[in-house]
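Visitor:
Number of protein chains: 4
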Amino acid sequence: MNGPRQKKTIHIVTAAAGVFAYNGYAATRMADVAQAAGIGKGTIYEYFRSKEDLFFAVFQWLAQDTGRQATLAIREMTGPVSRRLEQINDTIINKWLDQLNYYSLMLEFWSAASAPSMRHRFKQAFRNAYREFRPIIAALLRDGIRRGEFSEKIDAEAVAATLLGAWDALLLQAWFDSEFDALMTSRHFLKVLIAGLMNA
Amino acid sequence: MNGPRQKKTIHIVTAAAGVFAYNGYAATRMADVAQAAGIGKGTIYEYFRSKEDLFFAVFQWLAQDTGRQATLAIREMTGPVSRRLEQINDTIINKWLDQLNYYSLMLEFWSAASAPSMRHRFKQAFRNAYREFRPIIAALLRDGIRRGEFSEKIDAEAVAATLLGAWDALLLQAWFDSEFDALMTSRHFLKVLIAGLMNA
Amino acid sequence: MNGPRQKKTIHIVTAAAGVFAYNGYAATRMADVAQAAGIGKGTIYEYFRSKEDLFFAVFQWLAQDTGRQATLAIREMTGPVSRRLEQINDTIINKWLDQLNYYSLMLEFWSAASAPSMRHRFKQAFRNAYREFRPIIAALLRDGIRRGEFSEKIDAEAVAATLLGAWDALLLQAWFDSEFDALMTSRHFLKVLIAGLMNA
Amino acid sequence: MNGPRQKKTIHIVTAAAGVFAYNGYAATRMADVAQAAGIGKGTIYEYFRSKEDLFFAVFQWLAQDTGRQATLAIREMTGPVSRRLEQINDTIINKWLDQLNYYSLMLEFWSAASAPSMRHRFKQAFRNAYREFRPIIAALLRDGIRRGEFSEKIDAEAVAATLLGAWDALLLQAWFDSEFDALMTSRHFLKVLIAGLMNA
DNA sequence: CATGAATGAGGCTTCATTCAT
DNA sequence: GATGAATGAAGCCTCATTCAT
Numbered sequence: 004m005n006g007p008r009q010k011k012t013i014h015i016v017t018a019a020a021g022v023f024a025y026n027g028y029a030a031t032r033m034a035d036v037a038q039a040a041g042i043g044k045g046t047i048y049e050y051f052r053s054k055e056d057l058f059f060a061v062f063q064w065l066a067q068d069t070g071r072q073a074t075l076a077i078r079e080m081t082g083p084v085s086r087r088l089e090q091i092n093d094t095i096i097n098k099w100l101d102q103l104n105y106y107s108l109m110l111e112f113w114s115a116a117s118a119p120s121m122r123h124r125f126k127q128a129f130r131n132a133y134r135e136f137r138p139i140i141a142a143l144l145r146d147g148i149r150r151g152e153f154s155e156k157i158d159a160e161a162v163a164a165t166l167l168g169a170w171d172a173l174l175l176q177a178w179f180d181s182e183f184d185a186l187m188t189s190r191h192f193l194k195v196l197i198a199g200l201m202n203a
Numbered sequence: 004m005n006g007p008r009q010k011k012t013i014h015i016v017t018a019a020a021g022v023f024a025y026n027g028y029a030a031t032r033m034a035d036v037a038q039a040a041g042i043g044k045g046t047i048y049e050y051f052r053s054k055e056d057l058f059f060a061v062f063q064w065l066a067q068d069t070g071r072q073a074t075l076a077i078r079e080m081t082g083p084v085s086r087r088l089e090q091i092n093d094t095i096i097n098k099w100l101d102q103l104n105y106y107s108l109m110l111e112f113w114s115a116a117s118a119p120s121m122r123h124r125f126k127q128a129f130r131n132a133y134r135e136f137r138p139i140i141a142a143l144l145r146d147g148i149r150r151g152e153f154s155e156k157i158d159a160e161a162v163a164a165t166l167l168g169a170w171d172a173l174l175l176q177a178w179f180d181s182e183f184d185a186l187m188t189s190r191h192f193l194k195v196l197i198a199g200l201m202n203a
Numbered sequence: 004m005n006g007p008r009q010k011k012t013i014h015i016v017t018a019a020a021g022v023f024a025y026n027g028y029a030a031t032r033m034a035d036v037a038q039a040a041g042i043g044k045g046t047i048y049e050y051f052r053s054k055e056d057l058f059f060a061v062f063q064w065l066a067q068d069t070g071r072q073a074t075l076a077i078r079e080m081t082g083p084v085s086r087r088l089e090q091i092n093d094t095i096i097n098k099w100l101d102q103l104n105y106y107s108l109m110l111e112f113w114s115a116a117s118a119p120s121m122r123h124r125f126k127q128a129f130r131n132a133y134r135e136f137r138p139i140i141a142a143l144l145r146d147g148i149r150r151g152e153f154s155e156k157i158d159a160e161a162v163a164a165t166l167l168g169a170w171d172a173l174l175l176q177a178w179f180d181s182e183f184d185a186l187m188t189s190r191h192f193l194k195v196l197i198a199g200l201m202n203a
Numbered sequence: 004m005n006g007p008r009q010k011k012t013i014h015i016v017t018a019a020a021g022v023f024a025y026n027g028y029a030a031t032r033m034a035d036v037a038q039a040a041g042i043g044k045g046t047i048y049e050y051f052r053s054k055e056d057l058f059f060a061v062f063q064w065l066a067q068d069t070g071r072q073a074t075l076a077i078r079e080m081t082g083p084v085s086r087r088l089e090q091i092n093d094t095i096i097n098k099w100l101d102q103l104n105y106y107s108l109m110l111e112f113w114s115a116a117s118a119p120s121m122r123h124r125f126k127q128a129f130r131n132a133y134r135e136f137r138p139i140i141a142a143l144l145r146d147g148i149r150r151g152e153f154s155e156k157i158d159a160e161a162v163a164a165t166l167l168g169a170w171d172a173l174l175l176q177a178w179f180d181s182e183f184d185a186l187m188t189s190r191h192f193l194k195v196l197i198a199g200l201m202n203a
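So the sequences go chain by chain: A, B, C and D.
Residue numbers for the first sequence follow the working numbering, so the first one is 4 and each next one is one higher.
Residue numbers for the second sequence follow the working numbering, so the first one is 4 and each next one is one higher.
Residue numbers for the third sequence follow the working numbering, so the first one is 4 and each next one is one higher.
Residue numbers for the fourth sequence follow the working numbering, so the first one is 4 and each next one is one higher.
(1) Tell whether a beta-carbon distance below 8 angstroms holds between ALA30 (chain A) and SER120 (chain B).
(2) Please classify GLY6 (chain D) as buried or exposed, where buried requires at least 16 other C-beta atoms within 10 Å of its C-beta.
(3) Whole angstroms are fine: how far does the CA of SER154 (chain A) sit from the CA of LEU200 (chain A)?
(4) Under a Cβ-count criterion, where at least 16 other Cβ atoms within 10 Å of its own Cβ denotes burial, should GLN176 (chain C) be classed as buried or exposed?
(5) Can you pull the chain C neighbours of TYR105 (chain D), defined as C-beta to C-beta under 8 angstroms?
(6) Is there contact between the region 135 to 148 of chain B and the region 130 to 150 of chain A, where contact requires at least three CB pairs shorter than 8 angstroms?
(7) According to DSSP, is ALA118 (chain D) helix, strand or coil?
(8) Measuring only between beta-carbons, confirm whether LEU57 (chain B) sits less than 8 angstroms from chain A.
(9) How would you list, in chain order, the residues of chain D whose beta-carbon sits under 7 angstroms from the beta-carbon of ASN92 (chain C)?
(10) Can you list the alpha helix (DSSP H) stretches of 4 or more residues lying completely in the region 24 to 66 of chain B, in chain order?
(11) Please list, in chain order, all residues of the same chain as LYS11 (chain D) whose beta carbon is under 7 angstroms from its beta carbon, the five residues on each side excluded.
(12) Establish whether the CB of SER53 (chain D) and some CB of chain C are separated by less than 8 angstroms.
(13) Please confirm if VAL162 (chain C) has its CB atom under 8 angstroms from at least one CB of chain D.
(14) Between the region 16 to 36 of chain C and the region 100 to 118 of chain C, do at least 3 Cβ pairs fall closer than 8 angstroms?
(15) Out of D:VAL61, D:TYR48, D:GLY45, which has the shortest C-alpha to C-alpha gap to ALA128 (chain D)?
(16) Which residues, taken in chain order from the region 119 to 152 of chain A, show a beta carbon closer than 8 angstroms to some beta carbon of chain B?
(17) In three-state terms, what does DSSP make of VAL148 (chain C)?
(18) Across the region 61 to 72 of chain C and the region 156 to 166 of chain C, are there enough close Cβ pairs to call them in contact, namely three or more that are closer than 8 angstroms?
(19) Where does GLY168 (chain C) sit, in a helix, a strand or coil, going by DSSP?
(20) Which residues mark the beginning and the end of the alpha helix (DSSP H) in which ASN97 (chain C) is found?
(21) Ends of the alpha helix (DSSP H) at LYS194 (chain A)?
(22) So, is ASN92 (chain C) buried or exposed, given that buried needs 16 or more other C-beta atoms within 10 angstroms?
(23) Can you give the beta carbon distance from VAL84 (chain D) to LEU143 (chain D), rounded, assuming they're within the 8 angstroms contact cut?
(24) Around the C-beta of LYS156 (chain D), are 16 or more other C-beta atoms found within 10 angstroms, so that it is buried, or is it exposed?
(25) Looking at the structure shown, is GLU182 (chain D) part of a helix, part of a strand, or coil, going by DSSP?
(26) With 16 other CB atoms within 10 Å as the buried threshold, where does HIS191 (chain C) fall?
(27) ILE77 (chain B) and TRP170 (chain B): beta carbons closer than 8 angstroms?
(28) For ALA19 (chain A), count neighbouring Cβ atoms within 10 angstroms of its own Cβ and tell me buried if that reaches 16, exposed if not.
(29) Please return the same chain residues whose Cβ sits closer than 8 angstroms to the Cβ of TRP178 (chain D), not counting the five positions on each side in sequence.
(30) Listed from N- to C-terminal order along the chain, which residues in the region 25 to 41 of chain C have their beta-carbon within a distance smaller than 9 angstroms of any beta-carbon of chain D?
(31) Is the separation between the beta-carbon of VAL186 (chain D) and that of LEU100 (chain D) shorter than 8 angstroms?
(32) THR165 (chain C) and THR188 (chain D) look like a contact to me (Cβ under 8 angstroms); what is the Cβ gap, rounded to whole Å?
(33) Please classify ILE139 (chain B): does DSSP put it in a helix, a strand, or coil?
(34) Hey, how far is the Cα of ALA34 (chain C) from the Cα of ARG87 (chain C)?
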């Protein structure tokens, strides 16, 4: 039975996520994670080979969590594509705004992708994440074209890539500036974009 | 009399930028910076109080450099706003693509903004940078409205914020994925966006 | 009722001997021993109070094994003492050459005798081992004197001590240098020594 | 000028030798060495890459010291070879008896030669040491044959190897047993051996 | 001013040992 | 009795920073 082991693994990952989010990767000590998880320092090493491994596990946990939720939600949507885009937008932005403190993890992950020792894993993981998610949005846009909602001239891949980036970037700005209203900003922007998709 | 001192300060900052970009902040040792700058380890401390200070100086140097260039370029532009947007887009994207290796510095800065010890400075700096740059783009968009190029319904601030973010995010994707064509993607996207700006 | 327990004790000691010989004492983990013995880590502690105790048990096991065999063999020998010495020499050297990999245990034991925490036990044990074995060889030499084989001038104790040491030391050199022929070396040496014993 | 650096290197090695001899390798903490040398912990790492490196440096220092002294002394000797052998014997035994506390280093070195992480260096070094020193003694013995002092039947290499080992082994016994008189034992033994060398 | 040898705080990681099952 | 998950003490080593030259 791997049940208990997996459960504890996730328990540690969850605790670690909080500590990493709050302190940043470098400033986090394994002892902090252990304490947050309510376990002994050595116990972490029963589940993860190193601090870097633990950090990557946090990344995978968050990525999987987010990715799976989004993918499922998108597939179940119906109605005009423009409406669906607005839903997706609201869902993603709200989901992260609800837990904006965790967004610093994103920054840490990006940074990890630039540090030589972790670069390989993280860079590849991000690349793959984008390569998985872009087509999903692009497919949606193409659906809009097929339905006659959007102009045939639009480049679905390009818009998808930028839209994905816009979400990242607006949350980033929100994280920097608590007065920045990412949700309203994204809605206003999306309205303009959709107008463009229809009239390009 | 501050000339030589300032010159050397910049020399160190430049060297540090390269090392930080390549190794990441945490993995960079002051000794590495010193070697890259061709000076002694102790000398750095004649110009910077600490590693964090040096890092922040790199940030300011890069931000100032980028910001000033962009601001000046934008002010000198003439012609249709849509055309100007395309020019700005190409300029920014190309500028960074030319030195994409340095883009990891951006990731490091974001990450620094999440580490408790540097959070304050960096978070504020980023907030300010966005608050300075957003209005410049927004003003441009409003100029488009005034000229009758763009619809009056658009929210200039929101589009400006998202556009700024899109540039960050597309470069991020380019950094992760060398096969990703940030320039073409941004152009295609901008075409759609401009259509939206005109027809919203 | 102690049969099964003793059997398992020896099983663990045997397994431990192999692991200690291969890795050295410090680099050997109790988990390695457990795995080699095919039992759980905790089980070792049912039989030995600590790693040091286990190591000492390995020492005693090997010492007893070797010592008993040698003592018995020597007592049963007959014929000229010089011939008997040659037999003993061949037996001891060959016995160890057959399992030279285990000779590193000897080095580990010597080293243990120099580490403060184990010093007491091991130093004493070695002292006793030499004090037991030296007289056996010395008695043999005295037998040679009595029989008129050897000169009366020889110091039996001194020759015995050195002969014992020579065996240790030749095996040591063999362990260091696989090209070193300990058996032939010892035989040639012994020939000279016996000539000395007869003509001193 | 490497003078000061080399001087400090030797200072650390000397201090380390004492600590290693007293505590054994495993039980010695780098902090102990630093304290014994009157320097900071980190300073050791300016001169040695690791604890193992430091230990090996101690070994080399001692080996070189001993080897050079012995070699020089032997070359300068004159007179009958049997007399020279007695001188060498006394010199070596006395030299070590004078600093018998340091003999535990020998045990530690032998043990190091059996630990996987240091095995390579040490095993090779010992092999080389024996291969260097054996011929020197063997040459002496052959000189004895040439002079007509010793029988032509003796195997000089074998006797040399065993004699070397005998010294090691007698000192080992002396280290184990403070009541063991290594000097007298070696003298008595040598008398017998020389008789053998003459009459073999 | 410039230097780099010296420093020691700090953290990751290992592993003997315990103990609840 | 047997087990192995959990523990935390302990130590090697790194590296930012200092300061005597």
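By construction, the Cβ of each residue, glycine as well, lies at the ideal position given by its N, Cα and C atoms.
Model, not experiment: these values are computed from the prediction.
Guide: A quick look at the data gives this:
(1) By 1-based counting over the first sequence, the position of residue 30 (chain A) is 27. By 1-based counting over the second sequence, the position of residue 120 (chain B) is 117. In this structure, SER120 (chain B) lies closer than 8 angstroms to ALA30 (chain A) by Cβ.
(2) As a first step, residue 6 (chain D) is located in the fourth sequence; it is residue number 3 there, counting from the start. Counting Cβ neighbours within 10 Å, GLY6 (chain D) comes out exposed, since fewer than 16 surround it.
(3) Here residue 200 (chain A) is taken as the residue at index 197 of the first sequence, counted from 1. Here residue 154 (chain A) is taken as the residue at index 151 of the first sequence, counted from 1. Rounded to the nearest angstrom, the two C-alpha atoms are 6 angstroms apart.
(4) Here the question's residue 176 (chain C) lines up with position 173 in the third sequence. So GLN176 (chain C) counts as buried.
(5) If you number the fourth sequence from 1, residue 105 (chain D) lands on position 102. Here the premise fails: no neighbours, minimum Cβ distance about 11 angstroms.
(6) no
(7) Translated into the one-based positions of the fourth sequence, residue 118 (chain D) becomes position 115. ALA118 (chain D): coil per DSSP, three-state reduction.
(8) Position 54 of the second sequence, counted from the start, is the residue given in the question as residue 57 (chain B). No, no contact with chain A.
(9) To locate residue 92 (chain C), count along the third sequence from 1; it is residue 89. None at all; the shortest Cβ gap to chain D is about 11 angstroms.
(10) 33 to 40, 44 to 50
(11) Numbered from 1 along the fourth sequence, position 8 holds the residue referred to as residue 11 (chain D). Result list for LYS11 (chain D): TYR50, in chain order.
(12) The count along the fourth sequence starts at 1 and reaches residue 53 (chain D) at position 50. No, SER53 (chain D) lies away from the interface with chain C (no Cβ there is under 8 angstroms from its Cβ).
(13) Stepping through the third sequence from its first residue, residue 162 (chain C) is reached at position 159. For VAL162 (chain C), the answer is yes, since a Cβ of chain D falls inside 8 angstroms of its Cβ.
(14) yes
(15) Residue 128 (chain D) sits at position 125 when you count from the first residue of the fourth sequence. The candidate whose alpha carbon is nearest that of ALA128 (chain D) is D:VAL61.
(16) PRO119, SER120, LYS126, PHE129, ARG130, TYR133, ARG134
(17) Residue mapping note: residue 148 (chain C) aligns to position 145 of the third sequence, counting from 1. Strictly speaking, residue 148 (chain C) in this sequence is Ile, with Val absent from that position. Note: ILE148 (chain C) maps to helix in three-state DSSP.
(18) no
(19) Numbered from 1 along the third sequence, position 165 holds the residue referred to as residue 168 (chain C). Of the three classes helix, strand and coil, the one that applies to GLY168 (chain C) here is helix, per DSSP.
(20) Within the third sequence, the letter at position 94 stands for residue 97 (chain C). Its alpha helix (DSSP H) spans residues 84 to 101.
(21) Here residue 194 (chain A) corresponds to residue number 191 of the first sequence, with the count starting at 1. It spans 185 to 202 - the alpha helix (DSSP H) in which LYS194 (chain A) sits, taken as one unbroken run.
(22) Against the third sequence, residue 92 (chain C) aligns to sequence position 89. Burial call: buried.
(23) If you number the fourth sequence from 1, residue 84 (chain D) lands on position 81. If you number the fourth sequence from 1, residue 143 (chain D) lands on position 140. Confirmed, about 6 angstroms.
(24) Position 153 of the fourth sequence, counting from 1, holds the residue named residue 156 (chain D). Exposed, by the Cβ-count rule.
(25) Position 179 of the fourth sequence holds residue 182 (chain D). Note: GLU182 (chain D) maps to coil in three-state DSSP.
(26) Locating residue 191 (chain C) in the third sequence gives position 188, counting from the first residue. When all chains shown are included, HIS191 (chain C) counts as buried.
(27) The residue you call residue 77 (chain B) lines up with position 74 of the second sequence. The residue you call residue 170 (chain B) lines up with position 167 of the second sequence. Against a cut-off of 8 angstroms, the Cβ pair of TRP170 (chain B) and ILE77 (chain B) comes out as no contact.
(28) Working through the first sequence from its first residue, we reach residue 19 (chain A) at position 16. ALA19 (chain A) should be labelled buried.
(29) The residue you call residue 178 (chain D) lines up with position 175 of the fourth sequence. Within the same chain, TRP178 (chain D) has close Cβ partners LEU103, TYR106, SER107, LEU110.
(30) TYR25, ASN26, GLY27, TYR28, ALA29, ALA30
(31) Taking the first residue of the fourth sequence as position 1, residue 186 (chain D) is located at position 183. Taking the first residue of the fourth sequence as position 1, residue 100 (chain D) is located at position 97. According to the sequence displayed, residue 186 (chain D) carries Leu and not Val. Cβ atoms of LEU186 (chain D) and LEU100 (chain D): closer than 8 angstroms.
(32) Here the question's residue 165 (chain C) lines up with position 162 in the third sequence. Here the question's residue 188 (chain D) lines up with position 185 in the fourth sequence. With 8 angstroms as the limit, THR165 (chain C) and THR188 (chain D) qualify as a contact, their Cβ atoms being about 6 angstroms apart.
(33) For the purposes of this step, residue 139 (chain B) is taken as the residue at position 136 of the second sequence. ILE139 (chain B): helix per DSSP, three-state reduction.
(34) As a working note, residue 34 (chain C) is residue 31 in the third sequence. As a working note, residue 87 (chain C) is residue 84 in the third sequence. Those two C-alpha atoms are separated by around 45 angstroms.
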